[in-house]
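J.: So the protein lines, in turn, are chains P and X.
So the first sequence is numbered by the numbering used here: it starts at 1 and just counts up by one.
So the second sequence is numbered by the numbering used here: it starts at 496 and just counts up by one.
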Amino acid sequence: MIMKKIYLALASVALMLVSCSSLPDNPQKINSLPKIYPDYAGVTIPVGIAPLNFNYAGGDIECIDVVVKGSKKGEIHSNGDFAKFDIDDWHLLTEQNKGGKLTFTVCVERDGKWSQYKDFTMEVSPYALDEYGLTYRKIAPGYEVYSKMGIYQRDLSNYNESAILENTAVPGACLNCHTSNRTDPKQFTFHVRGANGATLVQVNGKRTWLNTKIDTLRGLGSCVYPYWHPSGKYCAYSTNNTHQSFHCVKNERIEVFDQSSDLMVYKVQTNEVLISPLLTTKDHFETYPVFSPDGRTLYFCSSQAQVIPDGYKKIRYNLCKIAFNPNNGTFGNKVDTIVNAAAMGKSLIFPRPSYDGKYIMFTMADYGCFPIWHKEADLWMLNLETGKIAPIKEVNSKNTESFHNWNVNSHWFVFSSRRGDGLYTRLYLASIDDKGKVTKPFLLPQENPWEYYDESVYSYNIPDFTKIPVDFDARSAGREIMSDKRTKIKVKDAE
Amino acid sequence: MKIFISKHWKLILSVLFGVTVFLFWDVLYPCYLSYQEQFQLFIFNGSYFTERIIVPGGLSDYIAEFLTQFYYIAWIGACILAIILVLIQRMSWIIAKLEGAADEYYMVSFIPALLIWGYMGDENVLLSFIVACLVALIACWGYMKVKDQKKYHLVYLLLMTPSLYWLFGPVVLIFLCFAVINIMIDAKSKLTGMGCSLCVVVYTLGWILFVSTFMQYPMFRIFGGINYYRFPAVIPDMQIVVMAVFLIIPFIVRLLPHQEKRVVQRACISIVIIAICGFAGVRLGYDTLKYELIDYDYLVRYEQWDKIIEKAEKDQPSTPMGVASVNLALAEKGVLGDRMFEFFQNGAEGLLPPFVRDFTTPLCTSEAFYRLGMINTAQRFMFEAQEAIPNFRKSGRCTKRLAETNLINGQYGVAAKYLRTLQKSLFYRGWADKMMTYLDNEKIINADPVYGLLRQYRYTKDFLYSDTEMDQMLGLLFAHNMKNKMAFEYLLGCELLNRDLQKFMQFYPLGKYLDYDHIPRSYQEALIYTWTQSHPNFNGMPWSIAPEVANDVVDFARAYMSNPNDPALAQGHFGQTYWCYYLLKKNK
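Listed below in structure tokens is the structure:
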């Protein structure tokens, strides 16, 4: 990482020496918005976010000049091959204009002549995004085989990304499902697949590697799709018998389905998994458990079991809930269906309650449990006060919108989308105000976004916010994974 | 002439060595060059360089990958390898000479180069290791130049050790051991020597351990090389042997006795011995079966269908990949139905082998799927092959094919991404520039003789791929477009190879939609066999069976009835018939 920074710094100096540096001179006015990549016109950003640099996407140019004026105060300027803003200047500008807007005046030089486009604006949200950054997995959007991959963290105030754990540390391993407790990585879990499989639970720096094969006779296998209880005493997991199949027509690629799935709640202190017969039924597939913010309800997705693969298009998950008593780790005695997506001809996946208790955001697809491969998948929201559900049209596109997570103040969320090219998943952030109004999402900023995203051969999975940098000893973890020393989990059935 | 030879005999030997190496790869093993080139994609941009240089050994990787891209043109690749091996040999000699070696032992300096040449027979040995070893020799030579100058000696060690490790990887251990041995030899006292050596060792190991704290690699790779070998979980024993030989050869030569008498005889004997041993060693390093497969992949890549068939005629392949390559070549030449049973067949998997999680086997199968028009499956196999490359590199060949499949499928955003990547390479740039004009241009694509045709062949009605129902998928493919001759031949081939004559008879009539001017031989054999199971003679047979086929089936039947275990039935002419496959080979 350090060496990379040194090389990038040297490269930046070299680039500065060769970049354009002429200023707009009597530009011809064009009454349309500039074509830019990413499309940042009209987005809402938090104070302190990394500069939303952008590239001109309307053809070849010699130079782009951008002046950014705050509605309240301040002005910054960029001139070069692409719009690139000084990080400190940008942060100051956003701070000075919190609750206001930034106006962008874009001029481009083409064949020695300057043109000036119509101004566009970005809103600076009054809502803070205090989290340090994001965590996510990067992996190629492949089928069964994976190349280099890892779990990474990214500082949202700049462009720094660092590896939490890469599979170079553990040759052959697949890493997935990293989850913090309400963005606090002091409680952290993820799953390792492969010959040295295990589930990591890290609490305050202490790592426990759980034996993934819990009780194969009862069909309790690997612990995946985790979600922490707000108290930190429990973590809900799903155990899934997952398979893939492959489409043969041009617009489809992969179909992922579970042939069975059940839920369990892991109790950290005692290394037990708590099982309820209502969550391990044979005639339903239960998956994607999440706790309510008060920890007294376990939400999950449930579908009528179907014969797979013949009935794969009939798999439709509903949003259900069951009571949970965190004091004694017991479950309620009935399951309620909150959203009957199946009746709508849809499948509801990845429910995520906002931490303020107002909403549950989820992904809706035509069928199935793995919507990233479904173009029609969109983000929807359930208002827990009114009980109404609706698609979040501000963030949905003609392509896939899928996995998402909230920040702690529940005014920001990050989600994955394939709107760019239909295959490589990218991350977008959007805000929601007190009235439930959602803003236009913006693509995760990069220093040179066009170059970065075009050259990147990875998709982003399982994005989540992280309150502070994740402190993880990758070298020791790699050794521990290879050592095969595992903690056995006991199964405790509900009384 | 004699004076010239006696004056320049060493140089002449080196040149001869270089020419031999060149011919070895250009004439005998161009497939090796193609194999290495296709599993990387050298990109001319800053991020590619940065990505390499941020790990130990990165500059070695970068230089090696830069050079490997030129293997795209076989003779250039052969030239590069010849130059590198000659440089290794010459550097070995220069160092040995500085250590006091006598000229008559010049041939010993060929041992490191010969050893590495043999080691390269393992196709997963990367050029990065070879380049790194050469640089280590240069570093050792530099050390010899400065070791008598105290000031420069120390500075050289201080600077060379960390730089060599960071830029070229654990070959620094060759340099370290070389320096230590020289320190011990040159030290005024044993204690001084040991003290200095210990300092150098601690300094080197300390630097490596310090670097390891920034790296997410296990320790064995930090010390064994991150990209010297294509498989990350393996440090081959031979790598250590090669490094050891690089180190000790100069010292061994130094120890060999020098006498004024019979210098020429000793030199000649050493030439003969080392040449014979070198030849044997190199020969052993290149496994015949492995290189047969690499050669088939190479020939499939470059669509050398005639050469594939010629190769199989000389020595029939029996591996799934080899058999699949031959069947593909036969189909491409329009003779699959006529000739498939002239070659070894191992069931329907010989047409379209099931997916295997490696980076070579899916390539050939992908080529077959692509030509059939099963574009999604071709895309999947090619994507998986690329993802399976163990050292996480991308592949020019795979990226090119993925650009094509996405173009055919109208996934222009993804196709454009791959094309832009290829535009930053040297040998794929021209093709990518041309293909950029195809993006979003339905007219050009549909008019293209390859892409347009494949668009017509591919499925339009969705279903899930099932490798246990290959014949049904091929049937659907043919039903979708009855001009897809390859689909028809693969369908019938599938049923014949599965020994399912009922299905063969069911699908055979569909051949009327194709432009056959005769019934392919193996179909005639299957038809006449089916007829004979329910008819006493050939009267009323509805197909145009050639008289020789009719005669052959009578002869075969006669021989089979008299002795079903007669070995003659599996040999010669009978051995190349469908009847032999159907009746005899199922028991094996």
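We put the CB at the ideal spot given by N, CA and C, even for glycine.
Would you kindly check if the distance between the Cβ of Ile590(X) and the Cβ of Pro745(X) is under 8 Å?
T.: Closer than 8 Å, so yes.
J.: Among residues of its own chain, excluding the 5 on either side of Ile538(X), which ones have a beta-carbon nearer than 8 Å to its beta-carbon?
T.: Once the five neighbours on either side are set aside, the close Cβ partners of Ile538(X) are Thr916, Lys919, Ser920.
J.: Under the DSSP definition of a beta bridge, which residues are partnered with Asp833(X)?
T.: DSSP output for Asp833(X) lists no bridge partner at all.
J.: Reducing DSSP to helix, strand and coil, say where Lys69(P) ends up.
T.: Strand, per DSSP.
J.: Check this for me: beta carbons of Tyr954(X) and Leu972(X), under 8 Å apart or not?
T.: Cβ atoms of Tyr954(X) and Leu972(X): closer than 8 Å.
J.: In this structure, what does DSSP give as the bridge partners for Cys496(P)?
T.: Nothing can be reported for residue 496(P), as the shown portion of chain P is limited to 1 through 495.
J.: Can you give me the Cβ contacts of Leu444(P) inside the same chain, cut-off strictly under 6 Å, excluding the 5 residues immediately before and after it?
T.: If we look at Leu444(P) and ignore the five residues flanking it on each side, its Cβ neighbours are Leu427.
J.: To the nearest angstrom, how far is the alpha carbon of Ile689(X) from that of Cys672(X)?
T.: Per the sequence presented here, residue 689(X) reads as Met, with Ile not at that position. One C-alpha to the other measures close to 13 Å.
J.: For the putative contact between Phe52(P) and Gly70(P), defined by C-beta atoms under 8 Å, what is the C-beta separation to the nearest angstrom?
T.: It is Leu, not Phe, that sits at residue 52(P) in the sequence shown. At roughly 14 Å, the Cβ-Cβ gap does not stay under 8 Å, so Leu52(P) and Gly70(P) are not in contact.
J.: Excluding the five sequence neighbours on either side, which residues of its own chain have a C-beta within less than 8 Å of the C-beta of Pro463(P), listed in chain order?
T.: Correct list, in chain order: Leu134, Thr135, Tyr136, Phe403, His404, Asn405, Val414, Phe415, Ser416, Leu427.
J.: Using a threshold of 8 Å, state whether the C-beta atoms of Ala634(X) and Gly664(X) are closer than that.
T.: Contact flag unset, no.
J.: Can you tell me where the beta strand (DSSP E) holding Glu166(P) begins and where it ends?
T.: Element bounds for Glu166(P): 161-166.
J.: For Cys320(P), count neighbouring Cβ atoms within 10 angstroms of its own Cβ and tell me buried if that reaches 16, exposed if not.
T.: Answer is buried; the Cβ neighbour count reaches 16.
J.: What are the boundary residues of the alpha helix (DSSP H) that includes Cys635(X)?
T.: It spans 622-641 - the alpha helix (DSSP H) in which Cys635(X) sits, taken as one unbroken run.
J.: Could you give the residue range of the beta strand (DSSP E) that holds Trp412(P)?
T.: From DSSP, the beta strand (DSSP E) with Trp412(P) extends over 412-417.
J.: Got a sec: which bits of the region 905-919 of chain X sit with their beta carbon under 8 Å from any beta carbon on chain P, in order along the chain?
T.: Residues Gly905, Gln906, Gly908, Val909, Ala911, Lys912, Arg915, Thr916.
J.: Return helix, strand or coil for Cys369(P), following the three-state DSSP convention.
T.: Three-state result, Cys369(P): coil.
J.: Hey, how far is the Cα of Thr699(X) from the Cα of Thr656(X)?
T.: Their backbone Cα atoms lie some 6 Å apart in a straight line.
J.: Three-state secondary structure (DSSP) at Thr425(P)?
T.: The answer is coil: DSSP assigns Thr425(P) none of H, G, I, E or B.
J.: Suppose contacts are defined by Cβ-Cβ distances below 8 Å. Is Glu837(X) in contact with Pro815(X) by that definition?
T.: In this structure, Pro815(X) does not lie closer than 8 Å to Glu837(X) by Cβ.
J.: For Arg896(X), count neighbouring Cβ atoms within 10 angstroms of its own Cβ and tell me buried if that reaches 16, exposed if not.
T.: Under this definition Arg896(X) is a buried residue.
J.: Can you tell me whether Phe257(P) is buried or exposed? The criterion is at least 16 other CB atoms within 10 Å of its CB, across all chains shown.
T.: Classification for Phe257(P): buried.
J.: Strictly below 7 Å CB to CB, what residues from chain P border Glu879(X)?
T.: Neighbours of Glu879(X) on chain P, chain order: Gly142, Tyr143, Glu144, Val145.
J.: Anything in the region 168-186 of chain P with a Cβ closer than 7 Å to a Cβ of chain X? List those residues in chain order, please.
T.: So the close ones are Thr168, Ala169, Pro171, Gly172.
J.: To which residues does DSSP link Lys492(P) through a beta bridge?
T.: DSSP, once it has assigned bridges, lists Leu274(P) as partnering Lys492(P).
J.: Could you tell me whether the Cβ atoms of Lys250(P) and Gly842(X) are closer together than 8 Å?
T.: Contact: no.
J.: Quick check: the region 643-652 of chain X against the region 574-591 of chain X, are at least 3 beta-carbon pairs closer than 8 Å?
T.: In short, these stretches do not touch, since the Cβ pair count stays below three.
J.: Going along chain X, which residues have a C-beta under 7 Å from His411(P)?
T.: Per Cβ cutoff of 7 Å: no residues; His411(P) is ~32 Å from chain X at best.
J.: Report the neighbours of Ala883(X) on chain P: residues whose CB is nearer than 8 Å to its CB, in chain order.
T.: Simply Val145, Ser147.
J.: Leaving out five residues on either side along the sequence, give the residues of the same chain with a beta carbon under 6 Å from the beta carbon of His503(X).
T.: Nothing listed; no residue qualifies.
J.: Just verifying my parser: in three-state terms, what is the DSSP assignment at Ile318(P)?
T.: Going by the sequence as given, residue 318(P) is Asn instead of Ile. If DSSP states are grouped into helix, strand and coil, Asn318(P) belongs with the strands.
J.: Just checking: is the beta-carbon of Arg953(X) within a distance shorter than 8 Å of some beta-carbon in chain P?
T.: So, interface residue.
J.: By DSSP, does Thr814(X) sit in helix, in strand, or in coil?
T.: Of the three classes helix, strand and coil, the one that applies to Thr814(X) here is coil, per DSSP.
J.: Is it buried or exposed, Asn507(P), if we count other Cβ atoms within 10 angstroms and call 16 or more buried?
T.: Given a span of 1 to 495 for chain P in the structure shown, any question on residue 507(P) remains unanswerable.
J.: Which chain P residues sit within Cβ distance under 8 Å of Pro727(X)?
T.: Residues of chain P passing the Cβ test: Thr168, Pro171.
J.: Give the residues from the region 220-253 of chain P that approach chain X closer than 9 Å (Cβ to any Cβ), ordered along the chain.
T.: For the region 220-253 of chain P, which is checked against every Cβ of chain X, the residues closer than 9 Å are Ser245, Phe246, His247, Cys248, Val249, Lys250, Asn251, Glu252, Arg253.
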